[in-house]
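A.B. asks: Each number in the numbering used here comes from the position in the sequence shown (counting from 1) with 366 added on.
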Amino acid sequence: MFKPDIDSDLMAEIVEVLVASWRQKGTDVNPEEPTRTTFALAMLDALSQTARLALILDFFEAHQSKNVRELFMLMETGDDLSKEDAEVLVNLKQMFRLG
């Protein structure tokens, strides 16, 4: 989905957009689309496949790291977390140094 290498600022912006979109309470949910949690997990999973993820996370500023933590917290406390998503979430938390 993403190039093998990605700029740390671009990754931070993607996370920021995911957090911002999560905060918007949409009432018109299409049942054929993935849930917010499933979509966010898919994006983070794709981002985790980029080269030098650990180095990218090292370059995050404090507010960027805070957004990552907030996104994971939103996913954990969301009401649409399936068992499969919960397993993916645990693995991704470790990859993003939150586990």
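For each residue, glycine too, the CB sits at the ideal point set by N, CA and C.
All of these numbers come straight from a predicted model, not from anything done at the bench.
1) Taking the beta carbon of R402 as the centre, do at least 16 other beta carbons fall within 10 Å, making it buried, or is it exposed?
2) How about F438: is its C-beta nearer than 8 angstroms to some C-beta of chain B?
3) When you compare each of A378, Q460, L407 to A428 by their alpha carbons, which one comes out closest?
4) When you compare the segment 406-423 with the segment 375-389, are there three or more beta-carbon pairs, one atom per stretch, that lie closer than 8 angstroms?
5) Ignore the nearest five residues each way along the sequence and tell me which others in N433's own chain have a CB closer than 8 angstroms to its CB.
6) By Cβ distance, which residues of its chain are closer than 7 angstroms to D411, with the 5 residues on each side in sequence left out?
7) Note the first and the last residue of the continuous alpha helix (DSSP H) segment covering A378.
8) Compare the beta carbon distance of P466 and A408 with 8 angstroms and say whether it is the shorter of the two.
9) If contacts are defined as beta-carbon pairs under 8 angstroms, then L464 and F438 qualify, I think. What distance do you get, rounded to the angstrom?
10) Suppose the cutoff is 8 angstroms on Cβ atoms and the five residues either side in sequence are ignored; what does the same chain contact list for D371 look like?
C.D. replies: In brief:
1) Counting from 1 along the sequence shown, the entry for residue 402 is found at position 36. With 16 or more other Cβ atoms within 10 Å, it is buried.
2) Of the chains in the structure shown, none is chain B; there is only one protein chain.
3) Walking along the sequence shown from the start, residue 428 turns up at place 62. It is A378.
4) yes
5) Residue 433 sits at position 67 when you count from the first residue of the sequence shown. The answer, listed in chain order, is A378, V381, E382, V385.
6) Residue 411 sits at position 45 when you count from the first residue of the sequence shown. Cβ within range, chain order: V454, L458.
7) Looking up residue 378 in the sequence shown gives position 12. It spans 374-389 - the alpha helix (DSSP H) in which A378 sits, taken as one unbroken run.
8) Only positions 367 to 465 of the chain appear in this structure, which leaves residue 466 out of reach.
9) In the sequence shown, residue 464 corresponds to position 98, counting from 1. In the sequence shown, residue 438 corresponds to position 72, counting from 1. Confirmed, Cβ separation roughly 6 angstroms.
10) As a position in the sequence shown, residue 371 is number 5, starting the count at 1. Excluding residues within five positions, the ones whose Cβ falls inside 8 angstroms are T416, A417, R418.
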